[in-house]
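Visitor: According to the working numbering, the sequence shown holds residues 16 to 138 in order.
Note that the Cβ used here is the ideal one computed from N, Cα and C, for glycine as well.
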Amino acid sequence: MKPTLKKKMFELLYQEGDVHILIQTRARGLRIPQTAAASAKEEFMGFVLGTIPSPHLEIKDDGIYAPLRFGRERFHCFFPWDSILQMNSTDCVVFYAIGEKKKNRRPGQTKDRPKLKVVKKED
16 MKPTLKKKMF ELLYQEGDVH ILIQTRARGL RIPQTAAASA KEEFMGFVLG TIPSPHLEIK
76 DDGIYAPLRF GRERFHCFFP WDSILQMNST DCVVFYAIGE KKKNRRPGQT KDRPKLKVVK
136 KED
């Protein structure tokens, strides 16, 4: 998925209010507090971004910069577009597939072959 498409989708959702994002905690370039990453039981973690929880949020070509509060401390988080797997608002959910595989095609083949089943006729 092109980062520019994720950026545009985030901008559209952000105009409507808070945006919940689901990120991969092991993504390259991700900046979140060490304690938050260590306490994550899964390799995914959710964050709420919006005008109230993150008023100084910056949407850039390389990702989202957001100073967020963790307990009593503020941490300048960075969410690269590649780390974001899902974005949702109250009206919309967008999920980005992980590791999309390119299908191997023969030269000149434009469509996938149909999947055929063997059907036995009963006597």
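Give me the DSSP bridge partner(s) of Val-95.
Guide: As written in the sequence, residue 95 is Pro, which differs from the Val given in the question. Note: Pro-95 sits in a beta bridge opposite Gly-78.
Visitor: Considering only C-alpha positions, which residue in the set Gly-86, Pro-82 and Gly-78 is nearest to Lys-17?
Guide: Gly-78
Visitor: Report the residue ranges of all beta strand (DSSP E) runs contained in full by the stretch 17 to 62; include only those spanning at least 3 residues, in chain order.
Guide: 34 to 39
Visitor: Find the nearest neighbour of Pro-82 within the set Ile-74, His-91 and Asp-76, judged by alpha-carbon distance.
Guide: Ranking the options by Cα distance to Pro-82, first place goes to His-91.
Visitor: If we count the other Cβ atoms within 10 Å of its Cβ and call it buried at 16 or more, is Ile-67 buried or exposed?
Guide: exposed
Visitor: Just tell me which of Ala-51, Arg-41, Ser-98 and Tyr-29 has its CA closest to the CA of Ser-69.
Guide: For Ser-69, the nearest C-alpha among the options comes from Tyr-29.
Visitor: Name the DSSP beta bridge partners of Leu-72, please?
Guide: Answer is none; Leu-72 lacks a bridge partner.
Visitor: Using the C-alpha atoms, what's the distance from Trp-96 back to Lys-21?
Guide: 7 Å
Visitor: Taking the DSSP output, what are the residues bridged to Leu-83?
Guide: Phe-90
Visitor: Give me the Cα-Cα distance between Asn-103 and Gly-86, rounded to the nearest whole angstrom.
Guide: 24 Å
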